[in-house]
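Peer 1: FYI, in this note's numbering the residues of the sequence shown are 955 to 1611.
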Amino acid sequence: MSAQAEELRYQALQQLDPAARGALEALLAGLHDESWRVRRIAAEGFARLAAPERAVAPLVAVLGERGETGARNAAAEALVRLGERALPGLRGLLAHADPDQRKFAADILGQLGSARAAPDLVRALADPDLNVRVSVAEALGGVGARDEATAGALRPLLSSPEALLRLAALESLTRLGLPPPLGVVAPLLEDGRLRASAYRALGFVEEPGALPLLARGLASASRAVREAALEALGAQARRVPPAQRGALEASVRGALEGDPQVSARLTEALETGELSVRAGALAAAAALKDPALALPVARAGLEERLAGEVAHALRQLGPEACDALASHLVALPPPARAAVGEVLVEVASPACIGAVRGLLSETEPGVRELAVRALGRSRSLEALPLLLALLSDPDLGAGAGRALQGLSAGLQVPVREALERAQEREPSPAGLRTLGRVGGSGALPLLRRSARSADPALRAAALEAVAELGADGAAELARYALADEAAAVRRAAVRALGRVGSAQAEALLQRALRDEDGGVRMAAVEAAGECGAQGCVPLLQALVAGEDGGLAWAALAALGRLRALSPALLGAAARHPDAEVVKAALEAGAPYTAEVAVLAQGLLGHARWDVRAAAARTLAQHAGAAAGPALEAALAREPDALVREALTQALGRLGRG
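1. Label R1327 either buried or exposed according to how many other C-beta atoms from any shown protein chain fall within 10 Å of its C-beta, with 16 as the threshold for buried.
2. Distance, Cα to Cα, D1594 vs R1515?
3. Could you have a look at Y1647 and say whether DSSP puts it in helix, strand or coil?
4. Between the beta-carbon of L1513 and the beta-carbon of V1491, is there less than 8 Å?
5. Could you name the residues of the same chain whose beta carbon sits closer than 8 Å to that of V1076, not counting the 5 residues immediately before and after it, in chain order?
6. What I want to know is whether the C-beta of A1123 ends up closer than 7 Å to one or more non-hydrogen atoms of the ligand FAD.
7. Out of F1158, G1043, A977, point me to the one whose CA is closest to E1007's CA.
8. Run the CB neighbour count on P1141, radius 10 Å, all protein chains shown included, and call it buried at 16 or more, exposed below.
9. What would DSSP say about Q1215, mapped onto helix, strand or coil?
10. How many angstroms separate the CA atom of R1100 from the CA atom of R963?
11. From the DSSP output, in three-state form, read off L1467 for me.
12. Whole beta strand (DSSP E) runs in the stretch 1008-1083 with 3 or more residues, listed along the chain?
13. Determine the closest residue to A1477 out of A1459, G1500, R1449, with distance taken between C-alpha atoms.
14. Check each candidate in R1026, S1113, N1085, L1130 and name the one with the smallest Cα separation from A1069.
15. Assuming R1322 contacts L1314 (C-beta within less than 8 Å), just tell me the rounded distance between them.
16. With burial defined as no fewer than 16 other Cβ atoms inside 10 Å of the residue's Cβ, what is the status of W990: buried or exposed?
17. By DSSP, does S1281 sit in helix, in strand, or in coil?
18. Beta-carbon within less than 6 Å of P1053's beta-carbon, same chain only, minus the 5 sequence neighbours each way: which residues are those?
19. Between G1021, E1019, L1013, which has its C-alpha nearest I1062's C-alpha?
20. State buried or exposed for Y1434, treating a residue as buried only when at least 16 other CB atoms are found within 10 Å of its CB.
21. Determine the closest residue to A1241 out of E1222, L1271, P1250, A1554, with distance taken between C-alpha atoms.
22. From which residue to which residue does the alpha helix (DSSP H) around T1104 run?
23. Please confirm whether T1124 and A1164 have their CB atoms less than 8 Å apart.
24. Using beta-carbon positions only, say whether L1361 and V1369 come within less than 8 Å of one another.
25. Ends of the alpha helix (DSSP H) at Y1546?
26. Count the CB pairs spanning the stretch 1244-1258 and the stretch 1281-1297 that are closer than 8 Å, and state whether there are at least three.
27. Distance check for E1022 and V1088, CA to CA, integer angstroms please.
28. So, with DSSP's three-state summary, where would you put M955?
29. For P1319, count neighbouring Cβ atoms within 10 angstroms of its own Cβ and tell me buried if that reaches 16, exposed if not.
30. Taking buried to mean at least 16 other C-beta atoms within 10 Å of its own C-beta, is P1304 buried or exposed?
31. Could you tell me which of S1395, R1403, R1444 sits nearest to E1422, measuring between CA atoms?
32. If you count every other CB in all the chains shown that lies within 10 Å of the CB of T1572, and 16 or more means buried, which is it?
33. How is L1462 classed by DSSP in three states: helix, strand or coil?
34. Looking only at C-alpha atoms, which of A1011, A1447, A1548 sits nearest to S1520?
35. How close, in whole Å, do the beta carbons of L1344 and A1354 come, if the pair is a contact with beta carbons under 8 Å?
36. When we look at the beta-carbon of R1566 and count the other beta-carbons within 10 Å, is it buried (16 or more) or exposed?
And the structure:
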């Protein structure tokens, strides 16, 4: 029964109308509930009140209720959620007669994190109570006031006879990224109570002598000190420019080489440490270049924020880490697998072939694609037969072709000759296209024969390959192919014509623009724009007014490339039933400022919201201040929130928002 009653109280506060009479009193009562769930939902509710600043005084009063620990903690959470609206009440509490209340105020201000509280906290460092001064020093690290006034108030505390005060000041200076000079930090490394904090501070010290001291901490027998030093190393690694990263890693390597426990300790840090510790451990692993660390480094890639450091460390481990990475790649969760896979491709070398070969037998397509890319980067002839065998694979053929092209950069002759032999025996579309990129003129006889194959996929690929080579006769092959019964071959012919260009190509493209297949017509539109086929302009203009929105949009883009747009044509496009064509007309009208402004103004009443929004932006851009009345009138009648936002932004650019 009590659990049911608790749930009812919880639901009542969760559904409380923050504007209702008595809402503040109900939330204050909830702070005193015996259930932590009810207290928490009550603490969350104060920020939703219609006038949340009215809650500050009663919440501060709850902080003074003796024996009500749960209510006091919930009130503190509520004040933090109120943010800077709670500052007046907390400032007053810093002057309370009770030191416990003053300490409470400092703690809450530190959690609230407003730099506006820093001057009040600096003054409170003179409090007569040690516990209050310690809390104030800690709070200064949380308010984010990275200024000399704050740092200047904290630094003298480093020589205080009170260890807690020295510790709080050092931690706050480190959190603010305003550490004391190396000459002050170095002696603190000898104080067992401050040693870990002093090592963390070294992460922000820019003086050259900081690195050797930091590296010494990495080899400490104390786990707390090692982790603090790793945090500092991570901070230094983020701070130094890439050109200086080598010096940092050399210092780390000098301190850790020869330590028989270093790999185990770094593995432990990578697997169990906090994020900042893992970042430092990755920097240390990059410095050591120990392939045995490959797997724990790879697993750290689960944390997206560490992806950059993971990639850098894996690169530093080098090709020797390939076996470990490849053999465990499939077992890694997807986020880590992506980061590791990219590095595996990057560091691939002849030594990696065996490990990468095994990935080709995996069932997951993404893993096999990574393996293909790695083979293309391997610079090894051993990769050649593996990639040739994949050219006919329906999923990996295109990727294998790109990988062969990459492999040919350093092994041009053997790749070309092996590819020609393979395509003579068993041609494939991916293989023929690759031959067009790497085969040279010697591949033309094979490609011309393949252009007459019974297989339309081979005919299309061969035609594209001949055009890729820029060979004489490509236009003639395309002319014959435009009569092919297979639309895919005719599309390939059109793409080839777009590459080679010529007076003959222009006439053939005009023919293709009338093809019965929409895909052929679309390819012809794009090719006409690509090769500058001015003779196609009348047909393209007719397509702009045609029913097919996709063709109209593409024709408008092609005419823009051909510099054949006109105000009349843009007006026709603006009347098209396809909204994408209308928006394209607005975008393409930049050369015709006055005309496109008139179009845009007329489109402020279009049926589609996205067209109206685009029209608002275009009108402000092209008409300037003269657009103001039309935009204001449109805003007054516009029902759509997104369009209203676009209109408001447009008016704002005109200085009328």
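All C-beta atoms, glycine included, are put in the ideal place defined by N, C-alpha and C.
Values in this document were obtained by computation on a predicted structure and should not be read as measured data.
Peer 2: On the basis of the supplied data:
1. Position 373 of the sequence shown, counted from the first residue, corresponds to residue 1327. By the 10 Å Cβ count, R1327 comes out buried.
2. For the purposes of this step, residue 1594 is identified with residue 640 of the sequence shown, where counting begins at 1. For the purposes of this step, residue 1515 is identified with residue 561 of the sequence shown, where counting begins at 1. Their backbone Cα atoms lie some 35 Å apart in a straight line.
3. As shown, the chain starts at 955 and ends at 1611. That puts residue 1647 outside it, with no answer to give.
4. As a position in the sequence shown, residue 1513 is number 559, starting the count at 1. As a position in the sequence shown, residue 1491 is number 537, starting the count at 1. Yes, these two residues count as a Cβ contact at 8 Å.
5. Indexing the sequence shown from 1 puts residue 1076 at position 122. So the list reads L1094, A1103, T1104, A1107, once near-sequence residues are dropped.
6. Inclusion of the ligand FAD in the displayed structure is not the case, the ligand content being empty and no account of it being possible.
7. Taking the sequence shown and counting its residues from 1, the one referred to as residue 1007 is at position 53. Checked all of F1158, G1043, A977; the closest Cα to E1007 is G1043.
8. In the sequence shown, residue 1141 corresponds to position 187, counting from 1. With fewer than 16 Cβ atoms within 10 Å of its Cβ, P1141 is classed as exposed.
9. As a first step, residue 1215 must be located in the sequence shown, where it is residue number 261. In the structure shown, Q1215 sits in coil (DSSP, three-state: anything other than H, G, I, E or B).
10. Here residue 1100 refers to the residue found at position 146 when the sequence shown is read from its first residue. Here residue 963 refers to the residue found at position 9 when the sequence shown is read from its first residue. Using only the alpha carbons, I get a separation of about 44 Å.
11. Walking along the sequence shown from the start, residue 1467 turns up at place 513. The answer is coil: DSSP assigns L1467 none of H, G, I, E or B.
12. none
13. As a position in the sequence shown, residue 1477 is number 523, starting the count at 1. The candidate whose alpha carbon is nearest that of A1477 is R1449.
14. Taking the first residue of the sequence shown as position 1, residue 1069 is located at position 115. It is L1130.
15. Here residue 1322 refers to the residue found at position 368 of the sequence shown. Here residue 1314 refers to the residue found at position 360 of the sequence shown. About 6 Å; that satisfies the 8 Å criterion.
16. Taking the first residue of the sequence shown as 1, we reach residue 990 at position 36. The residue in question, W990, is exposed, as its Cβ has fewer than 16 Cβ neighbours within 10 Å.
17. Working through the sequence shown from its first residue, we reach residue 1281 at position 327. It is helical.
18. Taking the first residue of the sequence shown as 1, we reach residue 1053 at position 99. So the list reads D1083, V1086, once near-sequence residues are dropped.
19. Start at 1 with the first residue of the sequence shown, and residue 1062 comes out as number 108. It is L1013.
20. Here residue 1434 refers to the residue found at position 480 when the sequence shown is read from its first residue. Flag for Y1434 reads exposed.
21. Residue numbering aside, residue 1241 sits at position 287 when the sequence shown is read from its first letter. Among E1222, L1271, P1250, A1554, the Cα nearest to that of A1241 belongs to L1271.
22. Locating residue 1104 in the sequence shown gives position 150, where the first residue counts as 1. That run of the alpha helix (DSSP H) goes 1102-1108.
23. As a position in the sequence shown, residue 1124 is number 170, starting the count at 1. As a position in the sequence shown, residue 1164 is number 210, starting the count at 1. Note that residue 1124 corresponds to Leu in the displayed sequence, not to Thr. No, Cβ-Cβ distance for L1124 and A1164 is not below 8 Å.
24. To locate residue 1361, count along the sequence shown from 1; it is residue 407. To locate residue 1369, count along the sequence shown from 1; it is residue 415. For L1361 and V1369, yes; Cβs fall inside 8 Å.
25. Start at 1 with the first residue of the sequence shown, and residue 1546 comes out as number 592. Y1546 -> no alpha helix (DSSP H), and no H or E assigned at all.
26. yes
27. Walking along the sequence shown from the start, residue 1088 turns up at place 134. Walking along the sequence shown from the start, residue 1022 turns up at place 68. Rounded to the nearest angstrom, the two C-alpha atoms are 24 Å apart.
28. On the sequence shown, residue 955 is found 1 positions in, with the first residue counted as 1. Note on M955: pLDDT 45, under 50, position unreliable in the model; the coordinate value appears next. In this structure, M955 counts as coil in the three-state DSSP scheme.
29. Walking along the sequence shown from the start, residue 1319 turns up at place 365. P1319 should be labelled exposed.
30. Counted from its first residue, the sequence shown places residue 1304 at position 350. Exposed: under 16 other Cβ atoms inside 10 Å.
31. Position 468 of the sequence shown holds residue 1422. For the residues S1395, R1403, R1444, the minimum Cα distance to E1422 belongs to S1395.
32. As a first step, residue 1572 is located in the sequence shown; it is residue number 618 there, counting from the start. Looking at its Cβ environment, which holds 16 or more other Cβ atoms inside 10 Å, T1572 is buried.
33. As a working note, residue 1462 is residue 508 in the sequence shown. Helix.
34. To locate residue 1520, count along the sequence shown from 1; it is residue 566. Nearest of A1011, A1447, A1548 to S1520, Cα basis: A1548.
35. Taking the first residue of the sequence shown as position 1, residue 1344 is located at position 390. Taking the first residue of the sequence shown as position 1, residue 1354 is located at position 400. Sure, about 4 Å apart at Cβ, within 8 Å.
36. Locating residue 1566 in the sequence shown gives position 612, counting from the first residue. Buried is the call here.
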